[in-house]
Structures are given as structure tokens and as C-alpha cells.
Amino acid sequence: MEEWIDGVCAALRGENTSDRLEIHYVCLLGKKRDGRREIADFYDARAPDDREERPTFEELLNRLAGGRAVFTLYHFPTVDHEPVPGEVKEKVRKLLEELLARGHTVLVGCSSGKGRTMEVLRSCRWAL
5 MEEWIDGVCA ALRGENTSDR LEIHYVCLLG KKRDGRREIA DFYDARAPDD REERPTFEEL
65 LNRLAGGRAV FTLYHFPTVD HEPVPGEVKE KVRKLLEELL ARGHTVLVGC SSGKGRTMEV
125 LRSCRWAL
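For what it's worth, my numbering labels the leading residue of the sequence shown as 5, then goes sequentially.
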């Protein structure tokens with residue numbers, strides 16, 4: 005997770021190392037097909053709706069970022085290797101349009117950043 009945050013910060017920051025990054029993260033992590041939770045069963049954190057005594061995924065990301073970045077997380081739980089429901093894609097599209105119109109830096113991600121992430125982005129019908 006720390007390497008991922010390092011990579012995100014380096015890619016977004018470029019040569020500018022003085023400013024703290026503000027990253028709006030649209031998180032598609034939900035469950036694996038076998039029922040395992042993609043956040044709580046793989047990281048020392050919990051999804052917003054999990055009722056456990058662990059930090060939320062957003063809190064974990066911000067702790068690991070160590071002040072280099074501040075993550076604001078928007079959680080849209082989905083199932084890995086399953087189609088993303090149309091209503092989820094529509095909610096994400098609206099959120100992305102709003103965040104981007106305000107000039108925010110936005111990150112969209114699932115487990116690999118390929119399947120669900122690309123499905124959601126393609127549904128926006130933007131030129132990628």
C-alpha cells in the first residue's frame with residue numbers, strides 16, 4: 005500500500021515536491037466472488053459500512069501518506085470480476101463530472117485498476 009501511495013504521489017506531483025496533494029479517490033473495492041471483503045480482508049482497515057474497530061480505508065490511506073497527500077474517499081462497493089451495476093456507473097459518472105468540473109484531482113480504482121475501473125470510465129463515454 006505504501007508503494008502504491010508513493011507511486012500515486014510521484015506521478016501527480018512531478019517536480020513539485022512542496023505542495024500537499026488533495027486526491028479524491030473513487031474506490032470500487034467491495035468483495036471478491038468468494039465473499040472476501042476487498043478492504044477488510046486484505047488491509048488493516050475497514051470499508052465505511054463495516055462495523056469493526058479498525059480505521060476506515062480513507063484513514064489508513066491518509067496515515068500512510070504521511071502528510072504528502074490527503075485522500076477523500078468515495079466508496080462504491082462492487083464485486084471483483086462481475087459487471088458493475090448500471091446505477092453504480094451512473095452515480096460514479098455524476099460524481100466524476102462534479103469533481104472534475106471543480107478542478108479536483110480524481111483517482112478511480114479497483115483491485116487491479118483494469119476491470120471495474122475501465123468499465124466505469126468507459127461508461128462515461130469520454131475520450132480516454
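Glycine included, each C-beta is placed from N, C-alpha and C at the ideal position.
Values in this document were obtained by computation on a predicted structure and should not be read as measured data.
- Judged by DSSP secondary structure, L125 falls within the alpha helix (DSSP H) whose first and last residues are 119 to 127.
- The three-state reading of DSSP puts I27 in strand, counting E and B together.
- Sixteen is the threshold: when 16 or more other Cβ atoms of the shown chains lie within 10 Å of the Cβ of G34, as they do, the residue is buried.
- Per DSSP, F61 is one residue of the alpha helix (DSSP H) stretching across 61 to 69.
- Going by DSSP, G113 is part of the beta strand (DSSP E) stretching over 109 to 113.
- For K35, the secondary structure class from DSSP, reduced to helix, strand or coil, is strand.
- Taking 8 Å as the cut-off, the Cβ atoms of V30 and V110 count as close.
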